[in-house]
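Using our numbering, you'd call the opening residue of the sequence shown number 288 and step up by one each time.
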Amino acid sequence: MFATPADVKCLDCAAHGPRLRSVHAAALAAVDAGRMPWRAGNDAWLASIERVRALAADLFDGDPEGVAMLHSVGHAMSLAARNLPLERGESVLVLDAQFPSNLLPWQHRCAQVGARVVRAVRRVGQDWTGAVLDALEANPSVRIAALPHAHWHDGALLDMDAIAGRCRARGIALVLDLSQSLGVLRVDIDRWQPQFVASVGHKWLLGGYGLAWLWVAPHWRRHGEPLEQHWFARDHDAAMASPLQLPPFRDGARRFDAGAVAHGQLLAMAEAALGQLKAWGVDAVHQALARRTGAFDAALHAGGAGDWSTPGHAPHVLGLRPPRDRLDAVAAALSQRGAVFTQRHGVLRIAPYLQVTVADMHGLARAAASAR
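Here you go:
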């Protein structure tokens, strides 16, 4: 089912998801079809866009009207930062060491209007939920909370029910980057009531690099301002007639669709990938990956290294923190067994997908725990 070589144990889905054979075949077929684009026609292309949009919508709340397709989460967060009200003296809350795509747009917007970015920082023994709630309490100026569901460094989870409830009570706009959770953890739009929710498509959604997704709250579907002006986001027939009057936007979140994002190859890959995710079901993927990381944790514990793993991590991502004097040996032991992973700031990020077996995870953890 996966095109990953048999001798490679890829634990790096948090960087780039494994390639399904069906997705690879769809990409090649799309490249081949590109030799004769006149055969497909515009109607077929537009229909494929809406099929993929509907598949992506199933991961949010099932409504394609709420979903835009973009090139990146940086684009998505720049849209959110441009549209959400923010004034001098107010602030935007982020996590300490948050991924740049969900930090740089807020820093830029704050510099424009005289606002500031504040960080939630964990105390020793504290989880991210407690850190966020403490930061909200300590900073009454927070107007926007821009957060992930799981930290990209080590998979540490945030309790979005608790955080969203506090934001709602304070009138704080909630913006979510779910690049490290969408496709594995369920999204509760009705309960969380976010304003914008974004995710890349090339990690846990198994698609190609360059197609990302943005869910937009109903208010912004009617009143939001996109970053770009192009014909694809507006009434097609009117725009192509080059009128003097500005044509109306297309319905729903389509006004936020990025220019030239509906690339045939990326659409084909996304349709194959999202179709497979729908066939599996998010809950089934969640449970399968939890068995893999659970086996890894159990083997670490049996080897006397149980405290190396991130407490309360997501079912699909964890951070391995060996003692500093053993870090290189642990990394080498994993690499010698074919493991591919990300190492950053003393943490080995372990992010498997379904092509890695429970037995693989158990063996890799035993090797890590015994490495000297």
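Cβ atoms here follow ideal geometry from the backbone N, Cα and C, with glycine treated the same way.
> Under the rule that 16 or more other beta-carbon atoms within 10 Å means buried, what is residue 587, buried or exposed?
Replying inline: The residue given as residue 587 occupies position 300 in the sequence shown. Per the 10 Å Cβ criterion, buried.
> What did DSSP end up calling residue 629 once you bin it into helix, strand or coil?
Replying inline: Residue mapping note: residue 629 aligns to position 342 of the sequence shown, counting from 1. Strand at residue 629.
> Under a three-way DSSP split, which group does residue 387 fall into?
Replying inline: For the purposes of this step, residue 387 is taken as the residue at position 100 of the sequence shown. Correct three-state label for residue 387: helix.
>> To test your reading of the DSSP string, which unbroken alpha helix (DSSP H) runs of 4 or more residues are found completely within the stretch 434 to 504?
In response: Those alpha helix (DSSP H) runs which fall completely within the stretch 434 to 504 and span 4+ residues are 447 to 457 and 476 to 479.
>> Less than 6 Å between C-beta atoms, sequence neighbours within five positions excluded: which residues of the same chain meet that for residue 306?
In response: For the purposes of this step, residue 306 is taken as residue 19 along the sequence shown, with counting starting at 1. Answer for residue 306: 290, listed in chain order.
> What is the DSSP secondary structure of residue 297, reduced to helix, strand or coil?
Replying inline: Here residue 297 corresponds to residue number 10 of the sequence shown, with the count starting at 1. In the structure shown, residue 297 sits in a strand (DSSP, three-state: E or B).
> Can you list, in chain order, the residues of its chain whose CB lies under 8 Å from that of residue 570, leaving out five sequence neighbours each side?
Replying inline: What you label residue 570 is simply residue 283 of the sequence shown in a count that begins at 1. Within the same chain, residue 570 has close Cβ partners 473.
> Where does the unbroken beta strand (DSSP E) through residue 356 begin, and where does it stop?
Replying inline: Position 69 of the sequence shown, counted from the start, is the residue given in the question as residue 356. 354 to 357 is the extent of the beta strand (DSSP E) around residue 356.
> Counting pairs of beta carbons, one from the stretch 553 to 565 and one from the stretch 611 to 629, are three or more of them closer than 8 Å?
Replying inline: no
> With respect to the beta strand (DSSP E) encompassing residue 607, which residues constitute its N-terminal and C-terminal limits?
Replying inline: Residue mapping note: residue 607 aligns to position 320 of the sequence shown, counting from 1. Looking at the DSSP string, the run of the beta strand (DSSP E) that includes residue 607 is 605 to 607.
> Less than 8 Å separating the beta-carbons of residue 404 and residue 378?
Replying inline: As a first step, residue 404 is located in the sequence shown; it is residue number 117 there, counting from the start. As a first step, residue 378 is located in the sequence shown; it is residue number 91 there, counting from the start. Cβ atoms of residue 404 and residue 378: closer than 8 Å.
> Assuming residue 453 and residue 423 make a contact with CB atoms under 8 Å, what is their CB distance in whole Å?
Replying inline: Position 166 of the sequence shown, counted from the start, is the residue given in the question as residue 453. Position 136 of the sequence shown, counted from the start, is the residue given in the question as residue 423. That belief holds up - the Cβ atoms of residue 453 and residue 423 are roughly 6 Å apart, short of 8 Å.
>> Once DSSP output is grouped into helix, strand and coil, what is the label at residue 548?
In response: Along the sequence shown, read from residue 1 onward, the residue named residue 548 stands at position 261. Coil, per DSSP.
> Looking at C-alpha atoms only, which residue of 371, 390, 584 and 406 is the closest neighbour of residue 603?
Replying inline: Taking the first residue of the sequence shown as position 1, residue 603 is located at position 316. That would be 584, whose Cα lies nearest to the Cα of residue 603.
> Cβ of residue 502 within 8 Å of Cβ of residue 487?
Replying inline: Translated into the one-based positions of the sequence shown, residue 502 becomes position 215. Translated into the one-based positions of the sequence shown, residue 487 becomes position 200. No. Outside cutoff.
>> By the DSSP assignment, the beta strand (DSSP E) with residue 407 in it spans what residues?
In response: Counting from 1 along the sequence shown, the entry for residue 407 is found at position 120. It spans 403 to 407 - the beta strand (DSSP E) in which residue 407 sits, taken as one unbroken run.
>> Taking the alpha carbon of residue 348 as the reference point, which residue from 412, 475, 621 and 529 has its own alpha carbon closest?
In response: Here residue 348 corresponds to residue number 61 of the sequence shown, with the count starting at 1. Of the candidates 412, 475, 621 and 529, the one whose C-alpha sits nearest the C-alpha of residue 348 is 475.
> Rounded to whole angstroms, how far is the Cβ of residue 459 from the Cβ of residue 418, which I believe are closer than 8 Å?
Replying inline: In the sequence shown, counting from the first residue as 1, residue 459 sits at position 172. In the sequence shown, counting from the first residue as 1, residue 418 sits at position 131. Not confirmed; about 16 Å, so no contact.
> Just the Cα atoms here: how many angstroms apart are residue 580 and residue 636?
Replying inline: In the sequence shown, counting from the first residue as 1, residue 580 sits at position 293. In the sequence shown, counting from the first residue as 1, residue 636 sits at position 349. In a straight line, the C-alpha of residue 580 is about 12 Å away from that of residue 636.
>> Using the three-state DSSP reduction, which class does residue 274 fall into: helix, strand or coil?
In response: Missing from the structure shown is residue 274; the chain here goes from 288 to 659 and no further.
> Can you tell which of 414, 562, 541 and 411 has its C-alpha closest to the C-alpha of residue 313?
Replying inline: Locating residue 313 in the sequence shown gives position 26, where the first residue counts as 1. Checking every option, the nearest Cα to that of residue 313 belongs to 562.
> Counting pairs of Cβ atoms below 8 Å between the stretch 511 to 519 and the stretch 318 to 335, do you hit three or more?
Replying inline: no
>> Using C-beta distances below 6 Å, list every residue in its chain close to residue 650, excluding the 5 sequence neighbours before and after it, in chain order.
In response: One-based indexing of the sequence shown puts residue 650 at position 363. Contacts found: none.
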